[in-house]
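Novice: I have a structure here, written as structure tokens, and I will follow up with some questions on it.
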Amino acid sequence: MENYRQLISSIRNKLPKTDLHILSIPPVDEEAVKQEPRDANITDYNQALDQLADEMKVDYADLSTLFAANKIRYADNGVHFKPDFYPLLLDCLMEFVKEGSGRLGVSAARLTVLVPR
9 MENYRQLISS IRNKLPKTDL HILSIPPVDE EAVKQEPRDA NITDYNQALD
59 QLADEMKVDY ADLSTLFAAN KIRYADNGVH FKPDFYPLLL DCLMEFVKEG
109 SGRLGVSAAR LTVLVPR
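Residue numbers (this note's numbering): 9 to 125.
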């Protein structure tokens, strides 16, 4: 988390009028966890990201309900989604923006930080 803390601070120093968003890490399939055991900790990692967002006053979009409510079709690697899932993800993010629900909003100067796996 320290790397993300430094990244957020750096962006704020260079772009002080920019709002930042952190999106939760999506789940992976069981085969992917076998290939990369750290992926078994995604839930814990998302909790840490949520706490970091609170600490740093950064928007956090918890997308876990989207993933839980929909059958995710993964690409062969078990990590990335098949193309037909991305419009659903975009619709969910647009709802966050439109409703201002959760901790994700929109303004003229927005920068979304997608947290890499």
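Glycine residues also receive a C-beta, built at the ideal position from the N, C-alpha and C atoms.
Keep in mind it's a predicted model, so treat the numbers as computed, not measured.
Tell me whether the beta-carbon of Val71 lies closer than 8 Å to the beta-carbon of Leu31.
Specialist: Looking at the sequence provided, one finds Leu at residue 71 rather than Val. Yes, these two residues count as a Cβ contact at 8 Å.
Novice: What's the gap between the Cα of Asp62 and the Cα of Pro35?
Specialist: Computed Cα separation, rounded: 22 Å.
Novice: Identify the residues that DSSP records as bridge partners of Tyr82: which are they?
Specialist: DSSP, once it has assigned bridges, lists Phe89 as partnering Tyr82.
Novice: Could you spell out where the alpha helix (DSSP H) holding Arg20 opens and where it closes?
Specialist: Note, Arg20: alpha helix (DSSP H), 10-22.
Novice: Leaving aside the five residues before and after Tyr82 along the sequence, list all residues of the same chain whose C-beta is less than 8 Å from its C-beta, in chain order.
Specialist: Excluding positions up to five away in sequence, the list reads Val36, Asp37, Ala40, His88, Phe89, Lys90.
Novice: Can you tell me whether Asn54 is buried or exposed? The criterion is at least 16 other CB atoms within 10 Å of its CB, across all chains shown.
Specialist: With 16 or more Cβ atoms within 10 Å of its Cβ, Asn54 is classed as buried.
Novice: Distance, Cα to Cα, Asp47 vs Gly86?
Specialist: The straight-line gap from Cα to Cα measures roughly 11 Å.
Novice: Shortest alpha-carbon distance to Pro24 belongs to which of Lys42, Glu10, Pro45, Lys65?
Specialist: Comparing Cα positions, the closest option is Lys65.
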